[in-house]
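At position 117 of the sequence shown the residue is numbered 117 (UniProt numbering), and the sequence of numbers has no breaks. Here a beta-carbon is modelled for each residue, glycine too, at the ideal position from N, C-alpha and C. On a predicted model such as this, the values are computed, not experimentally measured, just so you know.
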Amino acid sequence: MSKIVVTGATGELGKLVVQHLLQRVPASEIAVSVRNVEKASAFADLGIEVRYGDFENPASMEQAFAGASKLLLISSPEDESISRVRKHVSAIESAKKAGVPHIVYTSFAFADVDAFAPLANVHLATEFALKTSGIPATVLRNTWYQELYINPNLQGYIDSGLIINSAGAGKINTATRDDLALATATVLVEDGHEDRVYELASSEAWSYDELADILSQVSGKKVAYQSVSDADSLKGMLGAGLPEGLVQFLVAIDSKMAAGTEGHTSKDLETLIGRKPTSILESITQLFNK
């Protein structure tokens, strides 16, 4: 029996994709390709076939992808760009050898429209590899995860009454992992998505001024936003004890926001999930009313 094969299924996005797949197809029609089979025992308990597949072991991937009706290739979490691209290309080559008829790949939103270069370049290279492979593919360009911004750390802003960074009036587009996973599962179970590129982004972007207003509304305590220079933002976060690598990453995103390149929007996600994506107001309300 041919199956939908999901890579990276033990990751946060992958787990959610499998959950949504189980609402649409029997467990017997799903297989997961994982590097650590023991960590995937919960899938086996649900009747999902667990296969060993390691991006650094092409033979294992070829076996893991065998008999796939569709392959979900969730991008590698590797930090180093060249290594990530090599792993993706290796997976695509293994899929071709295994005779996979359709690959669905998780890329980065608006990768070809002045997107955040350190991430966009990896995904554009992988998209090119998909095109040249000859395998019909669907590219799902995922926007920034909303959970990167809407999480328990927001309590610090509420306690201090102040958000400080260098994003200025710029906006950013985010979506919840669950919404992205639902869209991904929809593409995996439906026909007609071959050779399409979907910008899986929210139909509205948001700014830190708006975030401050929402935090004030939900908490009942005034929260303001203050824009500073990149240098001052960097100094402040380092002084707060955040790791240097993370600080540089965050300041780079804020700088792109200030330049106006992170606020692109799309209706693709809304169309695929059949409703408006979860807003930051909804996410914050859920977070503080658990």
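Alpha carbon to alpha carbon, what distance is there between residue j and residue i?
i                 : j                 : result
residue 360       : serine 227        : Here the chain comprises residues numbered 1 to 290, so residue 360 is not present and cannot be evaluated.
lysine 131        : alanine 95        : 13 angstroms
glycine 241       : phenylalanine 249 : 15 angstroms
tyrosine 157      : serine 133        : 47 angstroms
glutamate 262     : alanine 212       : 18 angstroms
leucine 21        : alanine 125       : 28 angstroms
tyrosine 225      : tyrosine 208      : 6 angstroms
serine 203        : threonine 174     : 10 angstroms
glycine 220       : aspartate 159     : 11 angstroms
threonine 106     : alanine 117       : 16 angstroms
leucine 46        : aspartate 191     : 25 angstroms
glycine 53        : leucine 154       : 37 angstroms
methionine 61     : alanine 98        : 9 angstroms
lysine 87         : proline 77        : 10 angstroms
isoleucine 164    : valine 247        : 13 angstroms
lysine 39         : isoleucine 214    : 38 angstroms
serine 229        : methionine 237    : 12 angstroms
glutamate 12      : valine 251        : 25 angstroms
glutamate 93      : histidine 123     : 16 angstroms
phenylalanine 288 : serine 216        : 12 angstroms
isoleucine 135    : histidine 193     : 13 angstroms
alanine 231       : isoleucine 48     : 50 angstroms
phenylalanine 55  : valine 89         : 9 angstroms
alanine 59        : glutamate 244     : 38 angstroms
Looking at residue j and residue i, is the spacing between their C-beta atoms short of 8 angstroms?
i                : j             : result
lysine 171       : alanine 205   : yes
valine 218       : threonine 176 : no
valine 34        : valine 50     : yes
alanine 129      : aspartate 195 : no
asparagine 142   : serine 81     : no
valine 6         : valine 32     : yes
leucine 140      : alanine 183   : yes
alanine 259      : glutamate 199 : no
phenylalanine 43 : alanine 66    : no
Mark residue i as exposed unless 16 or more other C-beta atoms lie within 10 angstroms of its C-beta, in which case mark it buried.
i              : result
glutamate 127  : buried
isoleucine 103 : buried
methionine 1   : exposed
alanine 111    : buried
alanine 91     : buried
leucine 269    : buried
threonine 271  : exposed
aspartate 79   : exposed
glycine 239    : exposed
arginine 84    : buried
lysine 256     : buried
lysine 267     : exposed
valine 113     : exposed
alanine 64     : buried
glycine 14     : buried
Of the choices the options, whose alpha-carbon is the least far from that of residue i?
i              : options                        : result
tryptophan 144 : Thr265, Val17, Leu22, Gly192   : Thr265
lysine 222     : Val197, Gly192, Leu188, Gly161 : Gly161
serine 28      : Asn36, Val18, Gly263           : Val18
leucine 234    : Lys3, Glu190, Ser166           : Ser166
isoleucine 30  : Ala9, Ser41, Ile4              : Ile4
isoleucine 253 : Gly14, Gly168, Lys87           : Gly168
leucine 119    : Ser75, Val89, Ile135, Glu93    : Ser75
valine 187     : Phe55, Pro77, Gly274           : Gly274
leucine 16     : Lys276, Leu180, Phe55          : Leu180
aspartate 178  : Lys290, Lys276, Ile48          : Lys276
glutamine 23   : Ile135, Val189, Glu244, His193 : Val189
Of all Cβ atoms in chain C, is any one closer than 8 angstroms to the Cβ of residue i?
i            : result
arginine 177 : Among the protein chains of the structure shown there is no chain C, as only one such chain exists.
ask   = Counting pairs of beta carbons, one from the region 269-288 and one from the region 146-155, are three or more of them closer than 8 angstroms?
value = yes
key: At least three beta-carbon pairs within less than 8 angstroms, the region 93-111 to the region 61-76   = yes
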